[in-house]
Amino acid sequence: MKRCTRCIMDETDPYIVFDENGVCNHCHDYDRKKNLVGYDALTSPQRHESILRMIKKHGRNKEYDCIIGVSGGVDSCFLLHHAVSNGLNVLAVHVDAGWNSDIAVKNIHKLCKSLNVELHTIVIDWPTIKELQRAYMFSGLPNLDIPQDHVFLAAMYDYALKNNVKYMLNGSNIATEGILPISWGYSNTDYRSIKDVFKKHRRKGNLKKYPHFGLLKYMYYLKKIERINLLNYINYSKKDAINTLQSMYGWEYYGGKHFESRFTKFFQSYYLPTKFNYDKRLAHLSSLIVGGELNRETALNMYLNDSPYDNISFIEDRDYILKKLDISLLEWEKIMGSPNKTENDYKNNKKILGFLQKINWIRKKIIKRKEKSINGETA
Ligand SMILES: [Zn+2]
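Residues 81 to 459, numbered by the numbering used here, are exactly what the sequence shown covers, in order.
Here you go:
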C-alpha cells in the first residue's frame, strides 16, 4: 500500500495520485485551498476585523447579529467562545437528532452557562429521523451521516430566517479539516438523493416532519443567509482550541473528531473502515500534518497504534445503535455483507450541486484577487 510522503493518506482512497516525490493530490489540493481561503498572516487579521464589523453593523437594533450551530465538538464550541469573546451577540442553537453523547450535552451547557448565552435547542422528530437513518443503514452507501447533517443544516437555516439573522457562522476550517477525499462521502445538501434512499428502504412513514431543503429552497437560503467559516480568518489550532475550552469551561474531550455523536463515532470508527476500507482518521490526522500541528511520524504512530474502540465499548455502541434503529443482529450482518453502493445508484442532483459549488469557488477566487490587489496597493 503506497502512502504519501508528506501526509499519511494512502491507496485506501481509490482516486489518490502521487507526484514524482510521492506527495499526494490531497496535499496539493490543500495548498491550493489554503492559499485561497485559509489563514494568511498578512491579510486575514484585517479581513477578520472587517467581518466582525459587518456582522455587528447588521445586528444593530436586532436581538442577534449571527447564528451558530453548536454540536458540542471542538470547532463549534471554540467558535462560540471566539464569537462571544469578540462581542458578537450570538443566537446559539443546538439541533438534537437523538444521538448526543452525555459528555456533549454537558459540554454545551457548561459553555453556554459560562458565556452567559441562552441555548436554543431544536429537537428533530425521532420516529421520522429514525426511519430515515434506518433506511440509510440498508442503502449500501458509505455516508450514513447524511440524514443528520442535512437536518442540522436545514434546521439552522430555517431558524436563522425565523429570527431574522443574516449571518451563519460555521466551525468548518481549512487548518484542521483541509483533507477529505470526495470518494469517502457525499454532499449532505442533496435532498433528491435522501428522498430516493428513503423511498427504497423505508418500512413506513414519510418525511413531512424532517426539516429539509431541495434545490430551490437551497438557492433561497444561499441568497438570504451568508455562511462564514470564521475560523479560517484566525490562526486556528485544534490543540490550542482544546486547551482553551478545557481550561476556561471545564470542557471534556471525546477522544476523536465528531465523537460527540454516538452514532457518528460508530459509523466512522467501525462501519466505514470495515465495510468500505475508509478510515477517516487518515484524513483527520493528515489535515493536522499539513496544517503544521502534528509531525508525520507522531500521526502515523497514532494511526497505526491507537484504536478508537476497545471490544467492550464497541459491542455496547453497536447494540445500542441497532436497538435504537430496530435492526436485528442478523440484519446487521446482512448490511455489512451486502454490496457497496455509491450515490450514483440512487437518484441525485450531483451535477447541479457540483455546478453551484464551482460558482462558489470562482466567487471566492475573485474576492481573494480583489483583496490581494487592495493589499498590494496599501503595502
Ligand atoms: Zn499527502
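Glycine included, every Cβ here is placed at the ideal spot set by N, Cα and C. Predicted model, so just to flag it, every value in this text is computed and none were measured.
Measuring alpha carbon to alpha carbon, tell me which of the options ends up nearest residue i.
i    : options                : result
T269 : I259, S181, N223       : N223
R282 : G258, K452, L405, S156 : L405
G330 : I188, H138, D145       : I188
S387 : S194, P353, V97        : P353
N166 : M236, K414, I314       : I314
K246 : F346, G139, Y316, L221 : G139
R214 : L171, W412, Y358, S393 : W412
Y351 : E143, Y389, A321       : Y389
K430 : D111, P291, I262, T256 : I262
S273 : E100, I226, S156, M248 : I226
A234 : K345, I401, P291       : P291
L325 : C104, H162, N105, R83  : H162
K242 : H200, M89, S252, K275  : H200
K337 : K193, G152, I442, A121 : G152
F343 : I401, S219, K142       : I401
G417 : G220, N115, E143       : G220
Y301 : E332, V197, D320, M248 : M248
T208 : K193, C192, Q228       : Q228
K421 : Y216, L433, N323       : Y216
L295 : E198, L436, D109       : L436
S317 : T256, Y383, S367, G335 : T256
W264 : K360, G335, S181, E332 : K360
L159 : K137, D182, S453, C192 : C192
M382 : S393, C157, L368       : L368
F394 : G434, L433, K345, K289 : K345
Determine the extent of the beta strand (DSSP E) in which residue i is found, giving its start and end residues.
i    : result
C146 : 146-149
V175 : 170-176
E332 : Unbroken run through E332: none, as it is neither H nor E.
L224 : Taken as a continuous stretch (DSSP letters only), L224 belongs to no beta strand (DSSP E), as it is neither H nor E.
L380 : Here L380 belongs to no beta strand (DSSP E); instead the alpha helix (DSSP H) covers 376-385.
E396 : Per DSSP, E396 belongs to no beta strand (DSSP E); it is in the alpha helix (DSSP H), 391-404.
Y247 : 247-249
R86  : Element bounds for R86: n/a, residue is neither H nor E.
R307 : 306-308
L199 : 199-203
Taking just the CA atoms, how far does residue j sit from residue i?
i    : j    : result
K427 : K279 : 11 Å
A459 : Q348 : At A459, the pLDDT of 42 sits below 50, so the modelled position is not reliable and the matter cannot be decided from this model.
I446 : S124 : 16 Å
L365 : L374 : 8 Å
D93  : F356 : 10 Å
V164 : W206 : 32 Å
K190 : L132 : 25 Å
N286 : K275 : 9 Å
H128 : K403 : 46 Å
L195 : V150 : 13 Å
V203 : R449 : 42 Å
L21  : N391 : Absent from the model: residue 21. The displayed extent of the chain is 81 to 459, so no value can be given.
M328 : K297 : 39 Å
I148 : L362 : 28 Å
D111 : S408 : 45 Å
V231 : V277 : 15 Å
M89  : C104 : 8 Å
A177 : E306 : 24 Å
Y119 : N312 : 5 Å
F218 : Y95  : 25 Å
E100 : K82  : 13 Å
E451 : D397 : 48 Å
Y237 : F339 : 24 Å
Q126 : L433 : 32 Å
Between residue i and the rest of its own chain, which residues show a CB-CB distance below 8 Å, the 5 nearest in sequence each way excluded?
i    : result
K113 : I254, G258
K284 : E211
L171 : E143, Y144, C146, I147, I148, H200, Y239, A240, N243, V245
Taking Cβ positions only, does residue i come closer than 9 Å to chain B?
i    : result
W206 : Annotation note: the requested chain B is absent from the structure, which comprises a single protein chain.
Here's a check: name, in chain order, each residue in its chain whose Cβ is nearer than 7 Å to the Cβ of residue i, leaving out the five neighbours to either side.
i    : result
N309 : N250, S252, N253
C107 : C84, R86, C87, V370
K304 : L241
Y358 : T92, P222, W264, L352
N440 : none
K444 : L116, V117
I322 : V154, Y333
If I follow the unbroken alpha helix (DSSP H) through residue i, where does it start and stop?
i    : result
T208 : 206-217
L287 : Premise fails: L287 is in no alpha helix (DSSP H) and is neither H nor E.
D155 : 154-165
V370 : 360-370
V117 : 105-117
R127 : 124-139
Give every residue of the same chain whose Cβ lies closer than 6 Å to the Cβ of residue i, excluding the five residues on either side of it in the sequence, and list them in chain order.
i    : result
Y266 : N223, E423
W179 : S341, R342, F343
V175 : I202, F232, A235
L380 : I88
V185 : none
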